[in-house]
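Using full-length UniProt numbering, the letters of the sequence shown correspond one by one to residues 1 to 365. Idealized CB from N, CA, C, for every residue including glycine. This structure is a prediction, so every number in the text was calculated from the model and none was measured.
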Amino acid sequence: MASESSFVTIDALMDTVPDGPMRFTSSFDPYEPVSLPSTSAQDGAGAKRDLDFYMECDMLTFVIEKCLYRVPRFFLDRETMFFTKMCSSKGLSEPSMVLDDVSTIEFKTLLHFLIVKKYDSADLSLAQWILLLSVSTHFEMASVRAHAITELGNLRQSIDAVDQVVLALKHDIPAWLTAAYTSICEREKPLTSREAAKLGGEIPFMIAEAREATIRAQLTKPCSECPPKPKTLASAARRAVDDVFGREAREKEKEKLAMEEVIAEQEAERIRAEKEQNEQEKNRKLEEAKDTKEKAERLIKEMEEEKAKLEKRELATAPAPATAVEVAPKASTSMYGTSTGAFGFGAAPSSQPDVPRNKKSAIRR
Numbered sequence: 001m002a003s004e005s006s007f008v009t010i011d012a013l014m015d016t017v018p019d020g021p022m023r024f025t026s027s028f029d030p031y032e033p034v035s036l037p038s039t040s041a042q043d044g045a046g047a048k049r050d051l052d053f054y055m056e057c058d059m060l061t062f063v064i065e066k067c068l069y070r071v072p073r074f075f076l077d078r079e080t081m082f083f084t085k086m087c088s089s090k091g092l093s094e095p096s097m098v099l100d101d102v103s104t105i106e107f108k109t110l111l112h113f114l115i116v117k118k119y120d121s122a123d124l125s126l127a128q129w130i131l132l133l134s135v136s137t138h139f140e141m142a143s144v145r146a147h148a149i150t151e152l153g154n155l156r157q158s159i160d161a162v163d164q165v166v167l168a169l170k171h172d173i174p175a176w177l178t179a180a181y182t183s184i185c186e187r188e189k190p191l192t193s194r195e196a197a198k199l200g201g202e203i204p205f206m207i208a209e210a211r212e213a214t215i216r217a218q219l220t221k222p223c224s225e226c227p228p229k230p231k232t233l234a235s236a237a238r239r240a241v242d243d244v245f246g247r248e249a250r251e252k253e254k255e256k257l258a259m260e261e262v263i264a265e266q267e268a269e270r271i272r273a274e275k276e277q278n279e280q281e282k283n284r285k286l287e288e289a290k291d292t293k294e295k296a297e298r299l300i301k302e303m304e305e306e307k308a309k310l311e312k313r314e315l316a317t318a319p320a321p322a323t324a325v326e327v328a329p330k331a332s333t334s335m336y337g338t339s340t341g342a343f344g345f346g347a348a349p350s351s352q353p354d355v356p357r358n359k360k361s362a363i364r365r
């Protein structure tokens, strides 16, 4: 195993952070009144407020570990919505807000970074960067947290590997874990009971399993079917860490794939059922249209038959048409020399004037 390097532990770092008031080296005191040149009322007449730099700076009051803080709200709201949500839920009428989940040293480190140093990282120690990581994570300050992770990444070689794991797990920095686990597997000294307690859960047992796999990889002779023996302790430790700590990730990936397969099958079944339902609905509508068409055709046929019957009935009941004799009856002369009608029942009217009978006789003689 590699010889153990001298690392700084978190507990030792926290002992270096002063409990008393922080003394800033900056010559600028943000709380000291600044004398500005006097201006008349006419200087601002008709002027518009700048959208970016006209600040109506409210003050927020906090109570942390029985210590009272009063800070400009602007510096906090610029980094996070945490306090805006807190104010809206509790109300601004309250004189102060109690913060139970942070310590005074964490909050003072944050204010020092935001207000006094203005993101200047030169003045912060390793311990203060760890405090800043903790408080920025709690208050959901993404920019400050990213800055702290970057600075701690540059200083990570100075932090004990176990503390790296603790910080990475506590503050959700998975990129640190593989290298930290590998360092623990490479070192000669096994985990102590105190380190196991700091790690907690199943992590110490998984580290022990990875360390044992690292030792076996260095001692055993590879067979023809075994994977090639790692050339260095670091490669053996890395392989063991990937095998042990990647097991959970592989199982999760396997579960994820199985779940995706189930979801895909359910989706395919849903699509099939929907397609079948649409097909059934289509067939039903076609059947309805077919029935409607047949009913319409039957109705039209019945109406035509009824119309034909009506016409036939009207023809049967209508009177026979008049003949030519009936229309213009021809006059005929009876055997008695008198004009009769067609049926001999009356004399037809004559256009000649009536002549007396005796005169007719005289004429005849």
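query	result
I need the DSSP call for Leu36, collapsed to helix, strand or coil.	In this prediction, Leu36 scores a pLDDT of 42, lower than 50, which makes its location untrustworthy; the coordinate-derived value is nonetheless stated afterwards. Reduced to three states, the DSSP call for Leu36 is coil.
Could you check where the beta strand (DSSP E) with Thr61 kicks off and where it finishes?	59-64
Might you give, ordered along the chain, the residues of its own chain that have their beta carbon closer than 7 Å to the beta carbon of Phe62, omitting 5 neighbours on each side?	Tyr69, Ser96, Met97, Leu99
Give the single residue among Ala161, Ala142, Gln266, Lys198 whose Cα lies nearest to the Cα of Asp77.	Ala142
Quick one: what does DSSP say Tyr181 is sitting in, helix, strand or coil?	helix
What separation, rounded to the nearest whole angstrom, lies between the Cα atoms of Ser183 and Ser125?	24 Å
Whole angstroms is fine: what's the gap from residue 388's alpha carbon to Ala264's?	Because the chain in this structure spans residues 1 to 365, residue 388 falls outside the shown range and cannot be described.
Just how far apart, CA to CA, sit Ala308 and Glu294?	21 Å
Tell me the DSSP secondary structure of Val98 in three-state form.	strand
Taking 6 Å as the limit between beta carbons, can you name the residues of its chain near Gln164, skipping five residues before and five after?	Trp176, Ala180
For chain B, is any of its Cβ atoms less than 9 Å away from the one on Glu260?	Absent from the structure is chain B; it holds one protein chain and no more.
Following the continuous alpha helix (DSSP H) through Arg313, name the residue where it begins and the one where it ends.	233-317
CB-CB under 6 Å to Phe345, same chain, minus the five flanking residues each way: which ones, in chain order?	Legend: pLDDT at Phe345 = 49, less than 50; position of this residue unreliable, no value from coordinates given.
State the DSSP-derived secondary structure class of Phe28, mapped to helix, strand or coil.	Residue placement at Phe28 is flagged as unreliable, the pLDDT there being 41, under the threshold of 50; the coordinate-derived value follows with that caveat. Three-state result, Phe28: coil.
Measuring CB to CB, does Arg73 end up less than 9 Å from Asp58?	yes
For Phe107, which residues from the same chain have a beta carbon less than 6 Å from its beta carbon, with the 5 sequence-adjacent residues on both sides left out?	Ile64
What do you get for Cys185, buried or exposed, if any count of 16 or more other CB atoms within 10 angstroms of its CB means buried?	buried
Quick check: the Cα distance between Ser26 and Glu251, rounded to an integer number of angstroms?	With a pLDDT of 44 at Ser26, under the threshold of 50, the modelled position of this residue cannot be trusted; read the value that follows with caution. If you take the alpha carbons of Ser26 and Glu251, they lie about 53 Å apart.
With DSSP as the reference, label Pro204 as helix, strand or coil.	helix
Can you tell me the Cα-Cα spacing of Ser134 and His171, whole angstroms?	7 Å
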